[in-house]
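In our numbering, the protein residues as written are 177 to 677.
Structure first, commentary second.
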Amino acid sequence: MQIISDKLNMHRGALVLLDESTGRLRTEAAVGLTAEEIDRGKYAVGEGVTGNVVATGRARIVPDLRAEPDFLNRTGRMTPETSNQAISFLCVPIKIENRTAGALSVDKPFVSDQQLQSDQAILEIIAAFMAQAIQINRMVMRQKEELLEENAQLRAQVRDRYRFENIIGDSPAMHEVFAIVGQVANSRATVLLLGETGTGKEMIAKAIHYNSPRKDKPFIRVNCGALTGTLLESELFGHVKGSFTGAIKDKMGRFEAADGGTIFLDEIGTMEPQLQVKLLRVLQEREFERVGDTQVVKVDVRVIAATNVDLQEAVAKGQFREDLFYRLNVVSVYLPPLRNRREDVPRLIDHFLDQYNAINDRRLRRISREMLNILLRYPWPGNVRELENAIERAVVLSNDEDFTEELLPLSVRMFAQQRRTNQSSESIETLTKRLAEQSIVDYEMREGEIYQLVIDQMEHALIDRALAKCGGVKTKAADFLGINRNTLNKKVKDLGIEAVD
């Protein structure tokens, strides 16, 4: 607008655009008008000269505004000082995709009709350029709004995914985990997650973040074991150009990027001593300096750390600072290995089958009792991550609905074969002892019922096999087992075993 003013020697000029949400015109930019006059520059489509240009899509050239009845002087641009001279008014439409989106208007002292025609041609060219700029701007704004909406939807999906009730775990050990993290989520306390590799420490860290007041702020993960020395320090705290070889420009660190949100420091036990000092300062003072800089950066970041090593032992060996350990260990959460929460294995299997069947367009579903027993008994040294990888492998290699042993990883197949070999070579006495030991483990949570549960299972299996051997005839089976026929009848009835007289 200023360039137009300089080139055309105009007194005032205005860019008026149609607000599609209200259906009215408003002045978006102007030269020669005060903020108050701009605010008054609002019209209905068809109202006044400007409204008429937008309504018809045709330019209007008024040689002398004093003789134009349609001129409303809405902005108050005509004053007693200018009423004694001829002021021309030129208004051209701004068209976007064959629709009139607004108008560009100027007023200037009248010179000649020929000059007005020349000025109109220039304004129409400028209006065409403006139309392109406005269209691009609106496209960018729409894309930005779509991205913001998509981002909001993705955040909502992530929050829903990491709701505590959506994390699979019905075992008592996991209930204890949920109880602790549910309480700590709303605080700003530092949390230390302990447990073997693959137990789900990152998932719990995300659950804490997305169930906290910081859920709309960043969640930043840093694997402290992947980098060492200056590289890790730069990753965490950033650096300035030239602070070390390869620092070709300033870089923001992860702590600064996580301001207002949460930073998850995985494998914290691998951090070098000199970096531990700097991390301790961040936890205590909420401030740090970038590598090679002296300016202090203040941040509001919640720290969640995780490790699969015994930090107390590392402290005792002088490998980890004791003061940092206590700063990190405000609230500690131990995530149990999968072998200590076997009751969660079936639900985890179902979850991973649903997930990877959908991704790979497969229909692997049917698992025999023997196959499920193998998956339950395998120790899963890689924990949930290993189980997930095993199920994904099985789905990818499957051709139908049946989950066969051949689909399992070699380590699980070898375990199953070894288990069968051990069972076939064991004596009755050894098998009985192992059965008793396994029963104690399996029924640990049903204290007071263990004896009857095991006896009923043993009797059911023994009678069922005897009946099968004797063709289902109870009299023969009773003689074979050496028990009274009436006793066998009662057991068959109580245990729900099918048999013939």
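For glycine and all other residues, C-beta sits at the position ideal for the given N, C-alpha and C.
Span of the beta strand (DSSP E), counted from its first residue to its last, around Y510: Locating residue 510 in the sequence shown gives position 334, where the first residue counts as 1. Run containing Y510: 507-510, per the beta strand (DSSP E) assignment.
Proximity of E432 and G401 at Cβ, strictly below 9 angstroms: Against the sequence shown, residue 432 aligns to sequence position 256. Against the sequence shown, residue 401 aligns to sequence position 225. No, Cβ-Cβ distance for E432 and G401 is not below 9 angstroms.
Cβ pair count under 8 angstroms reaching 3, the region 505-518 against the region 555-563: yes
Beta-carbon proximity list for G445, same chain, < 7 angstroms, skipping 5 on both sides: Working through the sequence shown from its first residue, we reach residue 445 at position 269. T483, V485, L487, A490, F496.
Exposed unless 16 or more other CB atoms sit within 10 angstroms - verdict on P389: The residue labelled residue 389 in the question sits at position 213 within the sequence shown. It counts as exposed.
Short Cβ contact (9 angstroms threshold) for A206 with G224: As a working note, residue 206 is residue 30 in the sequence shown. As a working note, residue 224 is residue 48 in the sequence shown. For A206 and G224, no; Cβs fall outside 9 angstroms.
Residue from V287, I272, G233, T203 whose Cα sits closest to the Cα of P239: For this step, residue 239 is matched to residue 63 along the sequence shown. Among V287, I272, G233, T203, the Cα nearest to that of P239 belongs to V287.
Straight-line gap, R364 to Q450 (C-alpha atoms, nearest Å): Against the sequence shown, residue 364 aligns to sequence position 188. Against the sequence shown, residue 450 aligns to sequence position 274. Rounded to whole angstroms, R364 to Q450 spans 26 angstroms at the Cα level.
Residue(s) in a DSSP beta bridge with P449: For the purposes of this step, residue 449 is taken as residue 273 along the sequence shown, with counting starting at 1. Per DSSP, none; premise fails for P449.
For Y554, the first and last residue of its enclosing beta strand (DSSP E): As a working mapping, residue 554 is identified with position 378 in the sequence shown. That residue, Y554, is in no beta strand (DSSP E); it is neither H nor E in DSSP.
M547, buried or exposed, once every other Cβ within 10 Å from all chains shown has been counted against 16: Here residue 547 corresponds to residue number 371 of the sequence shown, with the count starting at 1. Answer is buried; the Cβ neighbour count reaches 16.
Contact set for D195: own chain, Cβ-Cβ below 8 angstroms, skip 5 residues either direction: Stepping through the sequence shown from its first residue, residue 195 is reached at position 19. Sequence-distant Cβ neighbours of D195 in its own chain, meaning closer than 8 angstroms and more than five residues away, are L201, R202.
Counted within 10 angstroms of its Cβ, other Cβ atoms place P245 as buried (16 or more) or exposed: For the purposes of this step, residue 245 is identified with residue 69 of the sequence shown, where counting begins at 1. By the Cβ neighbour-count rule, P245 is exposed, with fewer than 16 other Cβ atoms within 10 Å of its own.
Three-state secondary structure (DSSP) of N399: Against the sequence shown, residue 399 aligns to sequence position 223. Reduced to three states, the DSSP call for N399 is strand.
Euclidean distance between Cα positions of D469 and S508: Indexing the sequence shown from 1 puts residue 469 at position 293. Indexing the sequence shown from 1 puts residue 508 at position 332. Taking the straight line from one Cα to the other gives about 34 angstroms.
Neighbour flag for L551 against chain B, beta carbons, 9 angstroms: Among the protein chains of the structure shown there is no chain B, as only one such chain exists.
As assigned by DSSP and simplified to three states, the class of Y219: If you number the sequence shown from 1, residue 219 lands on position 43. It is a strand residue.
Inter-residue Cα distance where the pair is I535 and K425: Residue mapping note: residue 535 aligns to position 359 of the sequence shown, counting from 1. Residue mapping note: residue 425 aligns to position 249 of the sequence shown, counting from 1. Distance between the alpha carbons of I535 and K425 is about 41 angstroms.
Collapsed DSSP secondary structure at R589 in the structure displayed: For this step, residue 589 is matched to residue 413 along the sequence shown. In this structure, R589 counts as helix in the three-state DSSP scheme.
Exposure of D530, with buried meaning 16 or more beta-carbon neighbours within 10 Å: For the purposes of this step, residue 530 is identified with residue 354 of the sequence shown, where counting begins at 1. Exposed, because fewer than 16 other Cβ atoms sit within 10 Å of the Cβ of D530.
Selection from E322, D182, A383, A304 that minimises the alpha carbon distance to I274: Working through the sequence shown from its first residue, we reach residue 274 at position 98. The residue you asked about is not Ile; residue 274 is Asn in the sequence shown. Minimum Cα distance to N274 is reached at A304.
The region 377-384 in contact with the region 339-351 per 3-pair CB rule at 8 angstroms: yes
Residues that DSSP places opposite T146 in a beta bridge: Given a span of 177 to 677 for the chain in the structure shown, any question on residue 146 remains unanswerable.
Sufficient close CB pairs (3 or more, under 8 angstroms) joining the region 365-374 to the region 412-428: no
CA-to-CA distance, F354 to V467, given in whole angstroms: In the sequence shown, the residue the question calls residue 467 occupies position 291. In the sequence shown, the residue the question calls residue 354 occupies position 178. If I take the Cα positions, the gap works out to 38 angstroms.
Cα-Cα separation between T198 and F464, rounded to whole angstroms: On the sequence shown, position 22 is the one that residue 198 refers to. On the sequence shown, position 288 is the one that residue 464 refers to. Distance between the alpha carbons of T198 and F464 is about 50 angstroms.
Helix, strand or coil at M285 [DSSP, three-state]: The residue labelled residue 285 in the question sits at position 109 within the sequence shown. Strictly speaking, residue 285 in this sequence is Pro, with Met absent from that position. Of the three classes helix, strand and coil, the one that applies to P285 here is strand, per DSSP.
Residue range of the unbroken beta strand (DSSP E) whose run includes L441: The residue you call residue 441 lines up with position 265 of the sequence shown. Where L441 is concerned, the enclosing beta strand (DSSP E) stretches over 438-442.
Bounding residues of the beta strand (DSSP E) (the contiguous stretch that carries G422): On the sequence shown, position 246 is the one that residue 422 refers to. First-last for G422: undefined, no H or E at that position.
Cβ-Cβ distance between L459 and L500 below 9 angstroms: Position 283 of the sequence shown holds residue 459. Position 324 of the sequence shown holds residue 500. In contact: L459 and L500 (Cβ atoms closer than 9 angstroms).
Contact belief for V229 with R236 at Cβ below 8 angstroms, rounded distance in angstroms: By one-based count along the sequence shown, residue 229 stands at place 53. By one-based count along the sequence shown, residue 236 stands at place 60. About 5 angstroms separates the two Cβ atoms, so the contact holds.
Coil, strand or helix - L248 by DSSP: Position 72 of the sequence shown, counted from the start, is the residue given in the question as residue 248. Here L248 sits in coil by DSSP.
Supposed contact pair D289 and F265 - C-beta distance, whole angstroms, cut 8 angstroms: Against the sequence shown, residue 265 aligns to sequence position 89. Against the sequence shown, residue 289 aligns to sequence position 113. Contact flag wrong, Cβ pair sits at about 14 angstroms.
Residues that G414 bridges to, as DSSP identifies them: Translated into positions along the sequence shown, residue 414 becomes position 238. DSSP, once it has assigned bridges, lists M428 as partnering G414.
Residue closest to K391, alpha-carbon to alpha-carbon, out of I604, R478, E411, R553: Mapped onto the sequence shown, residue 391 falls at position 215. If we check each option's Cα against that of K391, R478 comes out closest.
Through-space distance from N327 to L191, alpha-carbon basis: Start at 1 with the first residue of the sequence shown, and residue 191 comes out as number 15. Start at 1 with the first residue of the sequence shown, and residue 327 comes out as number 151. Distance between the alpha carbons of L191 and N327 is about 33 angstroms.
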